[in-house]
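Undergrad: Below are the structure tokens for one structure; questions will follow.
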Amino acid sequence: MNSAICIDPSSVPKRVLYNGQRLPCIGMGTFGSDHAEPTQVSAAVAGALRCGYRLFDCASVYGNEAQIGEVLAAAVTEGIVTREELFVMSKVWNDKHGQGDILLSLAQTLKDLRLDYVDCYFVHWPYPNYHPPGCDVDARSPDARPFILEEFMSVWRQMERLADMGLAKSIGMSNMTVPKLEAVLPLCRIRPTLIEMELHPSFQQPELFGYCVDRGIQPVGYCPLGSPGRPERDRTNQDVTDTELPEVVTVARAHGVHPALVCLKWAVQRGEIPIPFSVREKNYAANLHCVTEDPLTDAEMTLLSKADRGCRLVKGQVFLWPGAKGWEELWI
Ligand SMILES: NC(=O)c1ccc[n+]([C@@H]2O[C@H](COP(=O)([O-])OP(=O)(O)OC[C@H]3O[C@@H](n4cnc5c(N)ncnc54)[C@H](OP(=O)(O)O)[C@@H]3O)[C@@H](O)[C@H]2O)c1
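For the sequence shown, our numbering assigns the number 44 to the initial residue and increments by one for each residue that follows.
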């Protein structure tokens with residue numbers, strides 16, 4: 044890589060979690076979806092490390108942890124970064140919620156990522172509902188079921204033991220809702236440090252976002268640019284394009300930047316940790332750099348707060364259970 048694009052990691056603002064862990068205010072996503080091969084994603088991670096990224100959002104279901112592990116190990120060996128400077132997150136997939144399975148899943152992730160521990164390990168979805176990668180949006184598993192508190196807590200007890208063992212420095216949840224958190228949080232021996240949720244200007248989830256912040260839980264925002272590269276099967280005619288929203292375009296013009304960068308500045312200033320994905324050096328470097336300079340004004344933040352259109356992109360249809368009426372039931 045041309046090392047001309049290099050951002051000093053110390054210039055990237057940090058967040059401190061309730062347990063004292065520190066991490067950058069922006070990270071890199073690693074979900075290649077249908078269009079980026081594992082080696083393309085790992086090459087982007089290698090470039091991003093040299094560029095100054097220290098936070099990476101991985102998951103076993105992304106199918107590229109082994110390739111990413113190679114570049115993480117190489118970066119440490121080459122002295123580009125120390126393990127302690129990295130914040131690596133991963134997630135257990137829905138088909139590994141059974142008793143004993145979560146330890147096995149994390150063991151595989153640690154082997155693939157070539158790490159002794161992850162900095163945060165997430166429950167990817169609060170459902171044990173499996174679907175084969177790349178399946179059609181109408182596919183339904185006959186074993187799929189709705190959220191069951193006892194089942195989720197048996198998953199979380201296993202997560203807590205992984206934290207006790209030091210294999211995960213902290214544990215997190217993803218794709219939760221306020222009612223589910225209301226049921227779950229009082230039962231947690233170890234509370235989540237991070238909760239991953241879909242967040243972008245057209246989908247701001249103010250209630251869930253505020254609920255987490257009020258309880259000292261740090262929100263991590265996925266699809267922060269509105270996931271323009273998501274597969275065709277995840278698109279509907281009602282979807283809004285974040286980078287074309289008039290509020291976003293107005294602010295982008297005022298700052299002379301691409302609308303994608305406005306989405307990220309807004310996210311960071313709002314207090315979330317966005318995890319944009321890109322395989323292009325020009326884009327991932329700009330994504331990191333933009334949060335170190337030229338902040339949005341209060342008036343611009345107010346304008347962008349009005350860009351919310353309630354436009355959920357990751358609807359999760361494939362996790363529905365037989366008899367469910369529609370994807371909205373996943374988000375109750
Ligand atoms: N917890 C969950 O259930 C969950 C669900 C979905 C996603 N995630 C995580 O969130 C991450 C991000 O979500 P995402 O990948 O769906 O969407 P995203 O980050 O909103 O959008 C990624 C797309 O934006 C383009 N892009 C990136 N930077 C850009 C820039 N500066 N200018 C213009 N275009 C730019 C990329 O194209 P190029 O590659 O061409 O730059 C890519 O196609 C994932 O990778 C994954 O780690 C988690």
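Note that CB positions come from ideal geometry on N, CA and C, so glycine has one too.
1. Spell out the partners DSSP gives D100 in its beta bridges.
2. Tell me, to the nearest whole angstrom, how far the beta carbon of D155 is from that of K212; I am working on the premise that it is less than 8 Å.
3. Give the single residue among L66, I50, P222 and C266 whose Cα lies nearest to the Cα of E127.
4. Assuming F190 is part of the beta strand (DSSP E), what are its boundary residues?
5. DSSP on C393, reduced to helix/strand/coil?
6. Assess, as a yes-or-no matter, whether the segment 50 to 57 is touched by the segment 86 to 96 under the definition of 3 or more beta carbon pairs within less than 8 Å.
7. Could you tell me which of G269, E194 and R313 sits nearest to F252, measuring between CA atoms?
8. How many Å lie between C138 and Y173 at the Cα?
9. Report the rounded CA-to-CA distance for L363 versus I48, giving the unit in angstroms.
10. Kindly give me the distance between the Cβ atoms of D282 and C354, rounded to whole angstroms, as I take these residues to be in contact under 8 Å.
11. DSSP three-state call for G264: helix, strand or coil?
12. With DSSP as the reference, label F362 as helix, strand or coil.
13. State the Cα-Cα distance for the pair L356 and L147, rounded to the nearest angstrom.
14. Would you say the beta carbon of T82 comes nearer than 7 Å to a heavy atom of ligand 1?
15. Name the DSSP beta bridge partners of S217, please?
16. Quick check on the DSSP output: the alpha helix (DSSP H) that includes D164 runs from which residue to which?
TA: From the atom records:
1. Taking the first residue of the sequence shown as 1, we reach residue 100 at position 57. DSSP output for D100 lists G72 and M132 as bridge partner(s).
2. Taking the sequence shown and counting its residues from 1, one reaches residue 155 at position 112. Taking the sequence shown and counting its residues from 1, one reaches residue 212 at position 169. With 8 Å as the limit, D155 and K212 do not qualify as a contact, their Cβ atoms being about 18 Å apart.
3. Against the sequence shown, residue 127 aligns to sequence position 84. When only C-alpha atoms are compared, the closest one is L66.
4. Residue numbering aside, residue 190 sits at position 147 when the sequence shown is read from its first letter. Careful: F190 lies outside any beta strand (DSSP E) and carries neither H nor E.
5. Nothing about residue 393 can be reported from this structure: the residues present for the chain run from 44 to 375 only.
6. yes
7. Sequence index remark: in the sequence shown, residue 252 carries index 209 (1-based). That would be R313, whose Cα lies nearest to the Cα of F252.
8. Translated into positions along the sequence shown, residue 138 becomes position 95. Translated into positions along the sequence shown, residue 173 becomes position 130. Here residue 138 is Asp; the residue named in the question, Cys, does not match the sequence. Roughly 5 Å between the two C-alpha positions.
9. By one-based count along the sequence shown, residue 363 stands at place 320. By one-based count along the sequence shown, residue 48 stands at place 5. The straight-line gap from Cα to Cα measures roughly 44 Å.
10. Mapped onto the sequence shown, residue 282 falls at position 239. Mapped onto the sequence shown, residue 354 falls at position 311. With 8 Å as the limit, D282 and C354 qualify as a contact, their Cβ atoms being about 6 Å apart.
11. In the sequence shown, residue 264 corresponds to position 221, counting from 1. Three-state DSSP puts G264 in a strand.
12. Translated into positions along the sequence shown, residue 362 becomes position 319. DSSP places F362 in helix when its eight states are reduced to three.
13. In the sequence shown, residue 356 corresponds to position 313, counting from 1. In the sequence shown, residue 147 corresponds to position 104, counting from 1. Roughly 31 Å separates the two Cα atoms.
14. In the sequence shown, the residue the question calls residue 82 occupies position 39. Because no heavy atom of ligand 1 lies under 7 Å away, the Cβ of T82 does not count as near it: no.
15. The residue you call residue 217 lines up with position 174 of the sequence shown. Bridge partners of S217: E239.
16. Within the sequence shown, the letter at position 121 stands for residue 164. In the sequence under discussion, the amino acid at residue 164 is Tyr, which differs from the Asp named in the question. Run containing Y164: none in the alpha helix (DSSP H); it sits in the beta strand (DSSP E), C163 to V166.
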